[in-house]
Structure formats: C-alpha cells, structure tokens
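Colleague: Numbering-wise, numbering that gives the first Met the number 0 puts 130 at position 131 of the first sequence, and it's gapless, one number per residue.
Following this message is one structure expressed as structure tokens.
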Amino acid sequence: MPELPEVETVRRGLEPAMEDARFTSIEVRRADLRFPLPKDFVQRLIGKTVTGLGRRAKYILADLSSGEVLIMHLGMSGSFRVSRSNREKTPGEFYHERANDAKHDHIVFEMSSGWTLTFNDPRRFGFMRLVARNELERGPLFRAIGPEPLGNTFDAAKLAGACKGKKSSLKVALSDQKVVAGLGNIYVCEVLYHARLSPKRMASMLANNKGEPTETAYTLVDAIKVVLNEAIKAGGSSLRDHRQTTGELGYFQHSFRVYDREGEICMTPGCGGKIRRIVQTGRSTFYCPVCQR
DNA sequence: CCGCGGGCCTGAGAGC
DNA sequence: TGCTCTCAGGCCCGCG
Numbered sequence: 000m001p002e003l004p005e006v007e008t009v010r011r012g013l014e015p016a017m018e019d020a021r022f023t024s025i026e027v028r029r030a031d032l033r034f035p036l037p038k039d040f041v042q043r044l045i046g047k048t049v050t051g052l053g054r055r056a057k058y059i060l061a062d063l064s065s066g067e068v069l070i071m072h073l074g075m076s077g078s079f080r081v082s083r084s085n086r087e088k089t090p091g092e093f094y095h096e097r098a099n100d101a102k103h104d105h106i107v108f109e110m111s112s113g114w115t116l117t118f119n120d121p122r123r124f125g126f127m128r129l130v131a132r133n134e135l136e137r138g139p140l141f142r143a144i145g146p147e148p149l150g151n152t153f154d155a156a157k158l159a160g161a162c163k164g165k166k167s168s169l170k171v172a173l174s175d176q177k178v179v180a181g182l183g184n185i186y187v188c189e190v191l192y193h194a195r196l197s198p199k200r201m202a203s204m205l206a207n208n209k210g211e212p213t214e215t216a217y218t219l220v221d222a223i224k225v226v227l228n229e230a231i232k233a234g235g236s237s238l239r240d241h242r243q244t245t246g247e248l249g250y251f252q253h254s255f256r257v258y259d260r261e262g263e264i265c266m267t268p269g270c271g272g273k274i275r276r277i278v279q280t281g282r283s284t285f286y287c288p289v290c291q292r
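In structure tokens form, the structure reads like this:
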C-alpha cells in the first residue's frame with residue numbers, strides 16, 4: 000500500500016516527466032475522488048509550469064509557476080502511468096494484465112515534456128487539491144502533521160516528546176501522523192519487528208518521567224530510518240523494472256518480514272517464533288511474540 | 001483534548 | 001460457476 004516509501008518512489012518516477020514541464024492538456028474523467036476536485040481545477044493548472052516536485056508525508060507536491068501547489072494523494076489504490084504522448088495507443092495497451100482497469104483512469108495530464116501522466120485509482124481514496132504555496136504549512140492537511148522521519152529534525156527527543164503520556168500502544172502511536180509522518184499499517188509492523196519491540200508496549204515508555212527519551216526511543220528512531228531507507232532503495236530498482244514493462248507507477252510488493260505472514264516462522268535467525276496477527280484499533284498487527292518484547 | 005470506531009470505496013479471495 | 005460475505009487500509013469525522 001502506498002506509505003512513505005511507495006509515495007517517494009512514485010514521486011521519483013514522476014519527476015523526469017513533470018519537472019520544468021507545462022500542463023498542455025488535462026482531462027478529468029471523474030472529479031468525485033475522496034474529495035471532489037475544485038470546479039476550476041483544469042483552469043488553474045493548464046499552461047502552468049511545474050517548478051519542482053516534492054513530498055511531505057504521503058503527499059506528492061508539485062510546485063507551480065502560479066504560486067500554487069498541486070497536492071496529490073494516492074489514498075489506498077492510486078497510481079500513475081507514465082507514457083509517451085502523441086503516439087497512437089491501442090486501447091488497453093498498458094493493461095495486458097488487468098484488462099478492465101481503464102475505467103479507473105480518472106485524470107490525464109499531458110505535459111510539454113512529451114509525457115502523459117494518467118492517474119488511476121479504483122477505490123478513489125486518493126485526491127488532488129490546489130493550495131497557495133504560502134498557505135500550505137498552515138492548511139488543514141499539514142497543520143498538525145508530525146516530522147518527516149527521514150529528515151534531520153526527527154530524533155529520539157522528538158519522538159519521546161510526542162509520545163510522553165500517551166495512553167495508546169506503540170503500534171497505534173506510530174500510525175498516528177501527528178507523531179511521525181508517513182508510516183502506515185505495514186511499515187509500523189516492519190519497524191517494530193526491526194526494533195524487536197512488541198506492538199502492545201505502551202507508547203509512553205519512550206519517555207522517562209522528565210520527558211527525556213529512553214534507550215528504546217533511540218532504538219525505535221534508528222529502526223524507522225533503516226526500514227524506510229531500505230524500502231525506498233528497493234523501490235528505486237523495482238521502479239526501473241516496472242517502468243519498462245507497463246509504465247505504471249504505483250505501489251509494489253516489497254518482501255515484508257512480518258506483515259501478512261501470520262502463522263509463518265519468524266525470520267530472525269534462531270528465534271523460531273510463529274508470527275501472530277492481532278487487531279489494534281481495528282487494524283491488523285503482525286509481530287513475533289518471541290523476539291518482539 | 002484524547003482515543004476509539006465507523007465510514008468511505010472497490011476488488012480479491014474465501015466459503016457455500 | 002456464481003453468489004454473498006469479509007477484508008484490506010489512509011484519513012476524516014463524530015462520539016463519549
């Protein structure tokens with residue numbers, strides 16, 4: 000599912016097609032995404048140049064020459080297809096594996112770079128929005144969002160500060176975008192496995208009674224950075240392979256160590272535990288009850 | 001303010 | 001084979 004590493008991979012895939020390019024044509028086939036597109040969506044984009052393509056949490060941000068930012072969110076099932084414009088396409092050309100998918104092509108951008116970007120999202124949990132650059136940070140989407148886990152400002156003290164006094168578990172706290180941005184259900188499980196921490200531990204144990212980070216907080220921050228960086232690295236290679244075959248830029252299946260492995264033997268050498276699935280605030284958690292304590 | 005649970009949406013997979 | 005049911009999860013919102 001598109002969590003931070005997948006979103007970052009998509010951003011990198013879009014960059015050569017979008018950066019320094021103008022929107023030459025825009026087709027909106029469905030405007031009723033998670034949130035409806037603004038009525039003047041096309042008008043505000045057409046002819047504008049993308050001056051830079053960034054990411055914050057799970058949002059892809061295209062800076063525009065107009066001073067606005069195009070915010071793109073993939074939701075649960077969103078992806079982009081990148082293809083050459085000005086070329087006759089056989090209907091269904093890119094869909095040799097999932098013949099019916101064209102019906103979920105909701106937005107088509109043609110860029111002056113010669114690339115066409117097609118936003119596909121079967122479940123329509125994704126959305127796009129336009130916001131003035133200088134209002135982005137204060138806006139409803141980013142106002143309350145926590146630090147970027149791979150940025151310099153995210154460290155054990157930050158994490159401890161955000162978790163001190165929390166009544167929830169580590170699993171639930173790490174899933175909270177206000178605590179740290181970009182982790183979702185899958186990577187929270189993977190991070191806790193890497194840190195050898197039980198998802199049921201209380202988040203408040205990341206801070207001592209003076210609010211300072213505990214040893215566990217350092218371990219956890221390290222695990223977050225390692226797991227995310229590895230996933231992004233894996234995405235980079237998978238991105239190239241994927242582009243060659245279908246042109247589709249979405250999320251892809253990493254090989255996860257605990258996620259969706261209920262009943263399998265733990266991959267930690269010599270552990271021998273059996274991966275368990277529990278439900279925390281309505282979401283599946285996968286962990287090894289032997290080596291995650 | 002905080003934590004929790006429901007809802008949005010569709011496709012995949014299980015079970016009968 | 002085909003129907004129905006459940007589940008998946010990012011994020012918002014309303015409830016207690």
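Where a beta carbon is used, it is the ideal one built from N, C-alpha and C, also for glycine.
1. Can at least three beta-carbon pairs, one atom from the segment 154 to 167 and one from the segment 191 to 207, be found at a separation below 8 Å?
2. Report the three-state DSSP secondary structure of Leu129 (helix, strand or coil).
3. Quick check on the burial criterion: 16 or more other C-beta atoms within 10 angstroms. Buried or exposed for Pro212?
4. Report the start-end ranges of each alpha helix (DSSP H) in the segment 3 to 35 that is 4 residues or longer and not cut off at the edges.
5. Report the CB separation of Gly272 from Gly210 in whole angstroms; it is logged as a contact under 8 Å.
6. Thinking just about the alpha-carbon of each residue, which of Asp39, Leu191 and Gly150 is nearest to the one in Glu26?
7. Inspect the beta-carbon positions of Lys47 and Arg21 and report whether they are closer than 8 Å.
8. Can you tell me where the alpha helix (DSSP H) holding Tyr192 begins and where it ends?
9. Please give me, in chain order, every unbroken run of the beta strand (DSSP E) with length at least 3 that falls completely inside the segment 250 to 279.
10. Can you list, in chain order, the residues of its chain with a C-beta nearer than 7 Å to that of Arg200? Leave out the 5 residues immediately preceding and following it.
11. In angstroms, rounded to a whole number, what distance separates the CA positions of Glu7 and Lys224?
12. Per DSSP, what are the beta-bridge partners of Phe118 in this structure?
13. Whole-angstrom Cβ separation of Phe149 and Asn228, contact assumed at under 8 Å?
14. Less than 8 Å between the beta carbons of Gly138 and Gln176, yes or no?
15. Hey, out of Ala101, Tyr186, Cys265 and Phe108, whose CA is closest to Ile231's CA?
16. Mapping DSSP to helix, strand and coil, what is Ala156?
17. Tell me Tyr286's beta-bridge partners as DSSP assigns them.
18. Please confirm whether Leu182 and Glu2 have their CB atoms less than 8 Å apart.
19. Taking the alpha-carbon positions, what's the Leu32 to Val257 distance?
20. Val171 to Arg123, Cα distance in whole Å?
21. Could you check what DSSP says for Thr213 in three-state terms: helix, strand or coil?
22. Which of the three DSSP states, helix, strand or coil, is assigned to Pro73?
23. In the DSSP assignment, the beta strand (DSSP E) including Ala61 goes from what residue to what residue?
24. Quick one, which of Lys57, Ser24, Asp62 and Phe34 has its alpha-carbon nearest Gln42's?
25. Leaving out five residues before and five after Cys290 in sequence, what residues of the same chain have Cβ atoms less than 7 Å from its Cβ?
Modeller: With the given structure in hand:
1. yes
2. strand
3. buried
4. 3 to 17
5. Actually they do not touch by this definition, with Cβ atoms about 34 Å apart.
6. Asp39
7. yes
8. Asn184 to Ala194
9. 275 to 279
10. Ser168 and Leu169
11. 14 Å
12. Phe79 and Ile106
13. One point to set straight first is that residue 149 is Leu, not Phe, in the sequence displayed. Going by Cβ atoms, the distance from Leu149 to Asn228 rounds to 7 Å, so yes, they are a contact pair.
14. no
15. Tyr186
16. helix
17. Arg275
18. yes
19. 32 Å
20. 25 Å
21. coil
22. Residue 73 is actually Leu in this sequence, not Pro. The answer is coil: DSSP assigns Leu73 none of H, G, I, E or B.
23. Tyr58 to Leu63
24. Ser24
25. Arg195, Cys265, Thr267, Cys270 and Gly272
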